[in-house]
Amino acid sequence: DDQDGNNSNSRLKLLSDFEPNAEYGNKVRKKRRSSQPGVNTVNKSFLCSDCGKPFLHKRSLQRHLASHSGIKSSRTLANKKCVGEKKNVDSHRKDPSGQKSLCCDYCGKIFNMKSNLNSHVRIHTGERPYACDICGQRFSQKPHLNTHARTHTGEKPFVCDVCGQRFSRKTHLDRHMRVHTGQKPFTCDVCGQTFSQSTSLNTHTRIHTGLKPFSCEICGQRFCHKKYLNSHIRV
């Protein structure tokens, strides 16, 4: 009997020492609800280590990480959870086809080639490893350097099939082709007028907004078009 009494007293002491915890109670109630029949549950096994928010898919968690900060979003995933320190081995995964995919540590964007990932990362780091031999201007991408170099060499490799006019950039050729096709893909949201070039749309929009970005350095008068400023200066 004495032994039973001692055991009872020990159990009472343990209960008296236990202080209720609201967070613990919430977890218990959630667990009870999830175990009840007829309650729909979703297995969200990817947890953010910064705020504890659960996600059903890894990519959803990666997008969420970018909402914290550049440093926090570099945290990677392991064992179906977000861990608090960067591990290079976890910065890549395999897509459903079995091909290895590489993950950007800054924004979570996925790439299947290391070279593409490296080029993309420079958007975040600001690194510009490619320098022009003539003027020294630097670029983050090799194709951007190649395009810039044509301003020095005068090379124009893009040719219009209709009139034969040549251009140094593909975008310039595409813009020129609208002269022949009559295509006007840029539409004013206010009046619906269409334009073949985005710059023309931007200029037109000032009619509605009243914006006058060009000012005379002598008298301060402002104009919505550069050509109007030039005419004013000649006077």
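Plus 18 on top of the position in the sequence shown (first one is 1) and you've got our numbering.
Using N, Cα and C, we set each Cβ at its ideal position, and we do this for glycine too.
Given the structure is predicted, the values throughout are model-derived calculations rather than measurements.
(1) At which residue ranges does the region 201-240 contain complete alpha helix (DSSP H) runs of 4 or more residues, listed in the order of the chain?
(2) Closest to H142 by CA distance: which of A149, D151, C122 is it?
(3) To the nearest angstrom, report how far apart A149 and V139 are at their CA atoms.
(4) M131 lies in the alpha helix (DSSP H); which residues open and close that run?
(5) For the candidate residues K188, G182, G144, F129, whose alpha-carbon lies nearest to that of P161?
(6) By the three-class DSSP mapping on this structure, what secondary structure does V253 have?
(7) Is S137 helix, strand or coil by DSSP?
(8) Around the Cβ of G228, are there at least 16 other Cβ atoms within 10 angstroms (buried) or fewer (exposed)?
(9) Can you give me the C-alpha to C-alpha distance between R252 and K245, rounded to a whole angstrom?
(10) Using 10 angstroms around the beta-carbon of G238, count the other beta-carbons present and answer buried if the total reaches 16, otherwise exposed.
(11) Could you tell me which residues DSSP pairs with G72 in its beta bridges?
(12) Can S133 and R146 be called in contact, C-beta distance under 8 angstroms?
(13) Shorter than 8 angstroms from the beta carbon of N136 to some beta carbon of chain D?
In this structure, then:
(1) As far as the region 201-240 is concerned, its whole alpha helix (DSSP H) runs of at least 4 residues are 216-227.
(2) Checking every option, the nearest Cα to that of H142 belongs to C122.
(3) For A149 and V139, the gap between their C-alpha atoms comes out near 18 angstroms.
(4) Neither: M131 is in no alpha helix (DSSP H) and is coded neither H nor E.
(5) It is K188 whose Cα lies nearest to the Cα of P161.
(6) Taken through DSSP and simplified to helix, strand or coil, V253 comes out as coil.
(7) Correct three-state label for S137: helix.
(8) With fewer than 16 Cβ atoms within 10 Å of its Cβ, G228 is classed as exposed.
(9) Between R252 and K245, the alpha-carbon positions lie close to 11 angstroms from each other.
(10) Residue burial is scored here from C-beta neighbours: G238 has fewer than 16 other C-beta atoms within 10 angstroms and is therefore classed as exposed.
(11) First, the residue type needs correcting, since residue 72 is Pro and not Gly in the sequence shown. Paired residues: L65.
(12) No, they are not a contact pair.
(13) Here chain D cannot be found, since the structure has a single protein chain.
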